[in-house]
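Positions in the sequence shown are counted from 1; adding 18 to them yields this note's numbering. For each residue, glycine too, the CB sits at the ideal point set by N, CA and C.
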Amino acid sequence: MIDFNYENEFNLENEEAIANWLSAVIVSENKKEGEINYIFCDDEYLHKINVEYLDHDTLTDIISFDYTMGNEISGDIFVSVERVQDNANDFKVLFEDELKRVLVHGILHYCGYKDKGEEDEKIMRAKEDEKLALFHVER
């Protein structure tokens, strides 16, 4: 089950369409959907988590805590709406498109994709693009 939670004033306009798309992404990776919680917050909230749990004193757009067991993916995905907006501006893309990229990025991590090295990052970007294309089909 995919659940959306809000620690700020932000609200997804199309929760059902996003959840259906993310579910389709999980199936497309031959995984089972467990409990996946998205928590939308601001920079301050996510920075505190980054420092407290990961010992990283930096701002980030997403932090995911993976509770996957076997083939069933589960976890908590924290998303800084402020960071997503800044990144959308920096990359000159729509906020909605950057948000979808971040949302699917967390799922892809749970599916086993990494992004620490240059080659892994290329694979992750390609997977993001592939899964973003599914959104247009699922609507």
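- Residue pairing for MET87: DSSP places it in a beta bridge opposite GLU90.
- A distance below 7 Å separates the beta carbons of ILE80 and VAL97.
- Its chain contains LEU150 and PHE153 as the residues whose beta carbon lies nearer than 7 Å to that of LYS118, once the 5 sequence neighbours on both sides are disregarded; these appear in chain order.
- Taking HIS65 as the centre and dropping the five residues before and after it, the same chain places the C-beta of LEU77 closer than 7 Å to its C-beta, in chain order.
- The alpha carbon of GLU116 has as its nearest neighbour, out of ALA106, GLU100 and TYR24, the alpha carbon of ALA106.
- Note on geometry: alpha-carbon atoms of PHE83 and LEU112 lie some 27 Å from one another.
- Between the segment 134–147 and the segment 27–40, the count of C-beta pairs closer than 8 Å stays below three; the two stretches do not touch.
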